[in-house]
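Counted from 1, the sequence shown has number 95 at position 92 by my numbering; the numbering is strictly sequential.
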Amino acid sequence: MENEVDIDSSLWRNSMDRICEWRDVWKEDLERVEDPFFACSVVQRALLENTTLRGLCDFQKACDLPLGRPLLQDDIWRALKLVEDGRWFLIREQPISPIDVSRYPRLRWAESKLDLLLSESKYPEADGPGKWKTFSIDTDLLWSGVALAANFLTSRGDEGRLFSSEGKDYANTRRLVSQRWVPLGEKERSFARLSATHRYGDVRRITQNYVQADDAWAITGESWHWRPVVPDEEYEYRIGAY
């Protein structure tokens, strides 16, 4: 039975991958930072094939990549240079080759999620309009491990099919999304009059399950994805805003 349930599959890893600027790497993430050599191939594929990669939109903005037309090779090289230089990093559930932190002095002072939650919020002691912004997505390893084991046993009836090749093999796995209430950006100020108010720095956590659900874009009408859907940034309307 050993190694028969392979959590480190491409489908599972891809759903957990994220790219972020060096200052947004948490201390708890350091062991999951992919070496730039391997990270570049993942990022390049995401840019060319438009595959899902959390944080990709922010990365594209940082690279000043053009919108509305296919990317040129020069665009790709310019973007990957940020990864090669250690200014942007790829965080993975199971990296192929974790980085040597000693080679990246910036990361030695990475902030700890736990320390931040236990210490005084870095935001003002005040309520105000804002938005919920994701700062962490953590896999429930115990729950997900049990679900994967059960799915593996069920998949034995599919003769000739490789386990982990379909979304149903990850059914009922679970993860926890953590979001923090942060101030609106300069271009978002017009939303302030409609926004709910919370204390800046407040944290909310949402449990997601990997399930099969209706999908208008899928050929079959259904696909596997995380529910409830949680965007990286979410605005909350105040009661009576309309």
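Backbone N, C-alpha and C fix where the C-beta goes; we use that ideal spot for every residue, glycine too.
As the structure is a computational prediction, the values presented were derived from the model and not from experiment.
Terminal residues of the continuous alpha helix (DSSP H) containing residue i?
i: I79; result: 76-87
i: S139; result: S139 -> not in any alpha helix (DSSP H); beta strand (DSSP E) instead, spanning 134-142.
i: L51; result: 39-52
First and last residue of the beta strand (DSSP E) that includes residue i?
i: S181; result: 177-185
i: F92; result: 91-94
i: R202; result: 200-202
i: E239; result: Unbroken run through E239: none, as it is neither H nor E.
Go through its chain and collect everything with a Cβ distance to residue i's Cβ below 7 Å, but skip five positions before and after it.
i: L59; result: I22, A49
i: K116; result: W29, E31, S139
i: W146; result: R177
i: Q47; result: I79, L83
Cα-Cα, which of the options is closest to residue i?
i: D130; options: K84, L83, N53, V185; result: V185
i: S181; options: G204, L83, W25; result: G204
i: T210; options: Q47, L110, P231, G243; result: P231
i: D67; options: R159, I79, V104; result: I79
i: I102; options: L75, L33, L151, S198; result: L33
i: S198; options: D235, W135, V104, I94; result: W135
i: R183; options: E169, E239, R164; result: E239
Near residue i, what residues of its chain come up, given a Cβ to Cβ distance below 8 Å and the 5 sequence neighbours on each side ignored?
i: D141; result: R178, L179, S181
i: A221; result: Low local confidence applies: a pLDDT of 48 at A221 is under 50, so the model's placement there is unreliable, with the coordinate-based value given in what follows. Correct list: empty, nothing qualifies.
i: L144; result: none
i: R164; result: S158
Look up residue i in the DSSP assignment and give the residues it is bridged to.
i: D130; result: R202
i: T210; result: L179
Kindly list the residues whose CB is nearer than 6 Å to the CB of residue i, restricted to its own chain and excluding five residues on each side of it in sequence; keep chain order.
i: I99; result: F41
i: D20; result: L56, R95
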